[in-house]
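Notes to accompany the following structure.
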Amino acid sequence: MSFFVFQYIDDYKTFIRTVGSLLLRDASPNATDEEKTSRVEQFVNDAFEVESKIVDVKASSMRHPNPFAPEERMTLQQLSDQTSGAAAVDGSTPVVVPEKAYLLNLTNWIKDEMAAEAKTIKRKLNNYIVWRLAHRYAQDLSWEYTTAGQQFEMDILGAKLFPSTWWYCVTKLEVFMHEAMGAMLVREHFGEANKRKAHEITDHVKTALMESLSSTLHWMSVESRNKAEQKLLDSIMKIGYPDYMMREDTLNMKFATFTVNQDTYFQNLLSSNKVLQKYINEQFTNFGKNSQRALYYSPWKELIVPAGLLQFPIYDHTSPNYMNFGSMGSIVGTALVHAVDAEGEEEQEYQRVRQCMVDAYSDAVQGPFGQGPLSAKIKVDMMYYTPQAFRDSSGVKLAYQAYKDWMAETGGEKRMPGAAWTNEQSFFVAFAQVICCWVDETVTPYGSQSSHCIKHSYLGNSRHRKTYGEVNRALAQLKEFQEAFQCDSGAKMVAPSRCQLY
1 MSFFVFQYID
11 DYKTFIRTVG
21 SLLLRDASPN
31 ATDEEKTSRV
41 EQFVNDAFEV
51 ESKIVDVKAS
61 SMRHPNPFAP
71 EERMTLQQLS
81 DQTSGAAAVD
91 GSTPVVVPEK
101 AYLLNLTNWI
111 KDEMAAEAKT
121 IKRKLNNYIV
131 WRLAHRYAQD
141 LSWEYTTAGQ
151 QFEMDILGAK
161 LFPSTWWYCV
171 TKLEVFMHEA
181 MGAMLVREHF
191 GEANKRKAHE
201 ITDHVKTALM
211 ESLSSTLHWM
221 SVESRNKAEQ
231 KLLDSIMKIG
241 YPDYMMREDT
251 LNMKFATFTV
261 NQDTYFQNLL
271 SSNKVLQKYI
281 NEQFTNFGKN
291 SQRALYYSPW
301 KELIVPAGLL
311 QFPIYDHTSP
321 NYMNFGSMGS
331 IVGTALVHAV
341 DAEGEEEQEY
351 QRVRQCMVDA
361 YSDAVQGPFG
371 QGPLSAKIKV
381 DMMYYTPQAF
391 RDSSGVKLAY
401 QAYKDWMAET
411 GGEKRMPGAA
421 WTNEQSFFVA
431 FAQVICCWVD
441 ETVTPYGSQS
451 SHCIKHSYLG
461 NSRHRKTYGE
471 VNRALAQLKE
481 FQEAFQCDSG
491 AKMVAPSRCQ
501 LY
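In the UniProt record's numbering, the protein residues as written are 1 to 502.
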């Protein structure tokens, strides 16, 4: 391991040790200083060892690409049998187990440890669980606990500024009372005209995808194409916010049992947990109203476009349609493509076009990141990134076709007086504007960076993470973009190989 990994481990253990010492101090045990020190070190080593093992199990457990597939489902009794009763369930109801390999591997490790030395593993698991609970609430306890967490972030991320108290409280409310906050947002900023126009744009993009599936798409088999078309026909479009958010009496009923006392902050937090637990199954149907990310939830065939997306500069019903289709329409298009492309991912033509994309950007890099001896460019893993690259370029292409269809139906719209670009060019600029980020490339050895994006970007190890240059890579694939800006064949924004699915 590198020096920086050892430094990270040392910083993390220091964090555990500090919180553990505070917990032991607050418990006031009848023990000598030497016994207390020994107990804290045992706590640190146990918590770190168990967490490290869980990370190893997770890293070695492959997630099935489609855990919702019928052949991947199991009954509760099967789940209980395969985990030797550790799941503590019974019955014959089929369930989805997204992380089955991880669950079984972790169970097997615990079983092996129990067989070898039951007392030791029980102590280690107990200390690990206590640590995870303390870690979860360290920010909500006294100043000493909060300082320990901030010191850890300073050590590993180089953080120097932390959110103020009011911002921290707002984020807590967004988690525990997201519906109430969402209602305040939509009542203040959204009207029926805003929602109606968003429906119109979404319907046009959906129609463009349906037309692509039925006429120009050649890479899907007839069977896969029929499944994709049926999925779109069955899809439910949830735009903006549910109607009940405008009814105060309905919201009041949801929080009728929630009590708050201004003198008992931590107890208020625990009460909030009960509220959150009560509505945990509504996370998908009531997707965060302040979110700026469109989502297609495949098992329920729902396209969710939250109210947070329907605001300037991403969307405004009074803005020109080339802006709304270019920004919001492209985001919706990407989500809809995600809904149907899985139907044909195993087909030979899809794999051929995917390899075309991998080959075209085999030398793609990001950065440089860091300063001085730590400055380096990072190679883009195109095998990992390609599915999202397809969706980005396909999403904007479908939105552009939807915009052209809208213009044909309505007679179009005039060019903005004094505008430097045509409406078609402005469409692509609107797309680029909501994706682009300003990034502070001064990074720590652990690779953290600060970024400011109009639309939230997810940069971690996620299938949807945003990579630098994604705007250029998506647009360079589109002849529509090149025609709009009259790009020469050898121009930078003309991909050497056009790898298109839609």
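Glycine included, every Cβ here is placed at the ideal spot set by N, Cα and C.
From a predicted model like this one, the values you see are computed outputs, not experimental measurements.
Exercise for the section: At 4 residues or longer, and completely inside the stretch 359-440: list those alpha helix (DSSP H) runs for me, N to C. Expected result: 382-410 and 423-435
Problem - Complete runs of the alpha helix (DSSP H) confined to the stretch 194-234 [at least 4 residues] - result: 222-234
Practice task
Answer yes or no: do Val365 and Lys377 have a C-beta to C-beta separation smaller than 9 Å?
Solution key: yes
Practice task
Specify the secondary structure class of Gly240 as computed by DSSP and reduced to three states.
Solution key: strand
Exercise for the section: Would you please state the rounded distance, in angstroms, between the beta carbons of Ala430 and Tyr502? I believe it to be under 8 Å. Expected result: 20 Å between Cβ atoms; not a contact.
Problem - The alpha helix (DSSP H) enclosing Asn324, as first and last residue numbers - result: Asn321 to Asn324
Handout entry: Neighbourhood of Arg17 by C-beta distance below 7 Å, restricted to the same chain and skipping five residues each side
Key = Val40 and Val44
Problem - Buried versus exposed, by CB contacts within 10 Å (16 or more), Lys466 - result: Reliability fails at Lys466, whose pLDDT of 45 lies under 50, so the model's placement of it is uncertain and no value is given.
Exercise for the section: Given a cut-off of 9 Å, decide if Glu72 and Val97 are closer than it, judged by their beta-carbon atoms. Expected result: yes
Handout entry: Buried or exposed (CB count within 10 angstroms, at least 16 for buried), His338
Key = buried
Problem - Val170 to Gly308 span [Cα, whole Å] - result: 16 Å
Practice task
Just mark Thr223 as buried or exposed, buried being the case when its beta carbon has 16 or more other beta carbons within 10 Å.
Solution key: The sequence shown places Glu at residue 223, rather than the Thr named in the question. With fewer than 16 Cβ atoms within 10 Å of its Cβ, Glu223 is classed as exposed.
Problem - Alpha carbon of Asp155 to alpha carbon of Gly395, nearest angstrom - result: 40 Å
Exercise for the section: Kindly give me the distance between the Cβ atoms of Leu106 and Gln82, rounded to whole angstroms, as I take these residues to be in contact under 8 Å. Expected result: With a Cβ gap of about 12 Å, Leu106 and Gln82 do not count as contacting.
Practice task
Measure how close the beta-carbons of Lys238 and Ile304 come, nearest whole angstrom, since I'm counting them as under 8 Å.
Solution key: 5 Å
Problem - Beta-carbon proximity of Ser215 to Glu229, cut-off 9 Å - result: no
Practice task
Please go through the same chain and pick out, in chain order, the residues whose beta-carbon is closer than 8 Å to the beta-carbon of Phe255, but skip the five residues on each side of it.
Solution key: Met177, Ala180 and Val275
Practice task
Under 8 Å Cβ to Cβ from Ala138, same chain only, skipping five residues before and after it: list those, please.
Solution key: Val19, Tyr145, Thr146, Ala148 and Gly149
Handout entry: Cβ shell of Ala134 (< 7 Å), same chain only, five flanking positions each side left out
Key = Val19 and Leu23
Practice task
Examine the Cβ distances between the stretch 382-398 and the stretch 477-495 and report whether three or more of them are shorter than 8 Å.
Solution key: yes
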